[in-house]
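Note sheet for the following structure.
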Amino acid sequence: MIPLKHSLLITVAAAAASFPFASGPAPAAGAANWRIDPARTEIAFAIDAVGFPRTQGRFDAFEGRIAIDFDRPEKSSVAFHVRAGSVDVGSTSFGDYLRSPAFLDANRHPSIDFVSTSVEKLSDRAVRVSGELTLLGVTKPLTVEVAVERPPGGKERFEFRAQTRIDRLEFGMNSGFPLVSRDVDLTIRSEAAEL
Amino acid sequence: MTLPPRRWSPSVVVLHWINAALIIGLLAVGWLMTHAVFGAAATFNLYQWHKSLGFSALALTALRIAARLRRPAPDSVPGWEGRPARAVQTAFYVLTLIAIGAGWLVVSTSPLPIPTRFFGLFVIPNVAAPDVALFGWTALAHRLAAYAMAALVALHILGALKHHWINRDDVLTRILPRWANNWAIRKVSP
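Residue numbers (my numbering), protein chains in the order written: chain A, 1 to 195; chain B, 196 to 385.
Listed below in structure tokens is the structure:
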């Protein structure tokens, strides 16, 4: 497990480092570019089902970039690309099932993407990020409030935390409904370092 | 009337205990996976184990029924006294088929069809299409059959112990593996 995870992290770090602007709107001239730190990033989900324990899992492979413009926060942007096949729920056979066409259909839709369209500063410690989430090839608007914190330490780092809930039926992920809830809770925790 | 042998043949003994382990294992795993004892990943794995064990039990039961039909076994307890024992034994065969048949239908009609991977080796096909109403009924039948099976296991064990300790006959020891048999005989004989 450890070597695999290690190699994944290296892949993600390399991907993030080599293609920091792979897609999404180009950052404004005044924006500083930040790279997410995969070792300190977690993209987790939770979903309830009748007669079954709450399923909690995460995605192990992703890349992302953040551009922050402190003078004009609305010019900031964020993009995350998550590899659907990297879903991890602590059981290989369960993971295989989630990767199957019943849920993530990871072969046909290998990437889950979030690309921001606007960022609004709410306070010194919170921003509202509006953007588009693409899951199973279906793109829907999604707005999340993101808590921003500067962890203690000399290096320029930012900590981001966001929690949101999506309706999987909107993306055509209908399997098991209503036994399996339509609501999926998403929790994203990330740390970004200035490039 | 054929009298039972002093000991059942080794194949009968082995099949009996494999079947016993399968049934008790199925009941235990079935209870654990439906009572939120573990987290989602472990529960998912338990469902797969339950299904694999269930199909193993189905194959074994079919084999035992075929063997019985080919060569009827002597009654373990002859005469009218053996009637409850024979009823329990027949009920085991019937209930095993009902429980596993219903289980196969539960898996097949589930609104969330999860492929049955037999010990991770190959997929066992479904026998019906997803159907919420049928799923509800077959799930109920499966559960009732499981509880009835648990009751039968208790009756079967109580009957065996009654023969061993009260009647002091060899009904129990005949089906025990040889090592356990010697031990049990020593315990009972004065």
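Note that the Cβ used here is the ideal one computed from N, Cα and C, for glycine as well.
- Relative to the Cα of A:L133, the nearest Cα in the group A:P101, A:S175, A:A79, A:W34 belongs to A:A79.
- Listed along the chain, the chain A residues whose CB falls inside 8 angstroms of the CB of B:T238 are F52, P53.
- In this chain, the beta strand (DSSP E) harbouring A:T117 covers 111-123.
- Counting only residues of its own chain and dropping the five nearest sequence neighbours on each side, B:L290 has a CB closer than 7 angstroms to the CB of A340, A343, M344, L347.
- Look at B:T229: its C-beta is under 9 angstroms from a C-beta on chain A.
- The beta carbon of A:D48 sits closer than 7 angstroms to those of R54, S181, all from its chain and outside the five residues before and after it, given in chain order.
- Counting other Cβ atoms within 10 Å of its Cβ, B:H358 reaches 16 or more and is therefore classed as buried.
- When the Cα atoms are used, A:V89 and A:R99 turn out to be separated by approximately 11 angstroms.
- B:W244 and B:L253 have their C-alpha atoms some 14 angstroms from each other.
- Residue environment analysis places A:V119 among the buried positions, since at least 16 neighbouring C-beta atoms fall within 10 angstroms of its C-beta.
- DSSP places B:E276 within a helical segment (H, G or I) once states are collapsed to three.
- Taking a C-beta distance under 9 angstroms as the contact criterion, B:I370 and B:S271 qualify as a contact pair.
- Membership of B:W212 in the alpha helix (DSSP H) is indicated by the continuous run 205-229.
- Rounded to whole angstroms, the separation of the alpha carbons of A:R83 and A:A61 is 6 angstroms.
- Scanning chain A for C-beta atoms nearer than 7 angstroms to the C-beta of B:Q243 yields S93, reported in chain order.
- Counting only the Cα atoms, B:Y288 lies some 15 angstroms from B:A216.
- The count of Cβ pairs closer than 8 angstroms, one atom from the segment 257-267 of chain B and one from the segment 218-235 of chain B, stays below three, leaving the stretches out of contact.
- A direct Cα-Cα distance of roughly 25 angstroms separates B:L307 from A:T139.
- Per DSSP, the continuous beta strand (DSSP E) segment holding A:A44 begins and ends at 42-49.
- Each of B:T304, B:G234, B:W299, B:L255 was checked against the Cα of A:G57, and the nearest Cα belongs to B:G234.
- The three-state secondary structure of B:I352, taken from DSSP, is helix.
- In the DSSP assignment, A:R99 falls outside any beta strand (DSSP E) and within the unbroken alpha helix (DSSP H) covering 92-99.
- The three-state secondary structure of B:S251, taken from DSSP, is helix.
- Residue environment: A:R65 is assigned as buried (16 or more neighbouring CB atoms within 10 Å of its CB, all protein chains considered).
- Using a Cβ-Cβ cut-off of 8 angstroms, B:R312 is close to S93 of chain A, given in chain order.
- In the assembly as shown, A:G176 is a buried residue. Its beta-carbon has 16 or more other beta-carbons within 10 Å.
- The beta carbon of A:L179 falls within 9 angstroms of a beta carbon belonging to chain B, placing the residue at that interface.
- Contacts with chain B (Cβ-Cβ distance below 8 angstroms) from the segment 155-176 of chain A involve S175, G176, listed in chain order.
- Contacts with chain A at 9 angstroms (Cβ-Cβ) do not include B:F317.
- Below the 7 angstroms Cβ cutoff, chain A contributes no neighbours of B:G274, its closest Cβ being approximately 47 angstroms away.
- With respect to the 9 angstroms criterion, A:S91 and A:S116 are not classified as neighbours on the basis of their beta carbons.
- Under the 9 angstroms criterion on CB atoms, A:G85 is classed as non-interfacial with respect to chain B.
- Here DSSP, grouped into helix, strand and coil, assigns A:E74 to helix.
- Close CB contacts of B:W203 within its chain, under the 8 angstroms cut and outside five residues either way in sequence, are with H211, R369, I370 (chain order).
- Neighbours of A:V89 across chain B, judged by C-beta separation under 7 angstroms: A235, A236.
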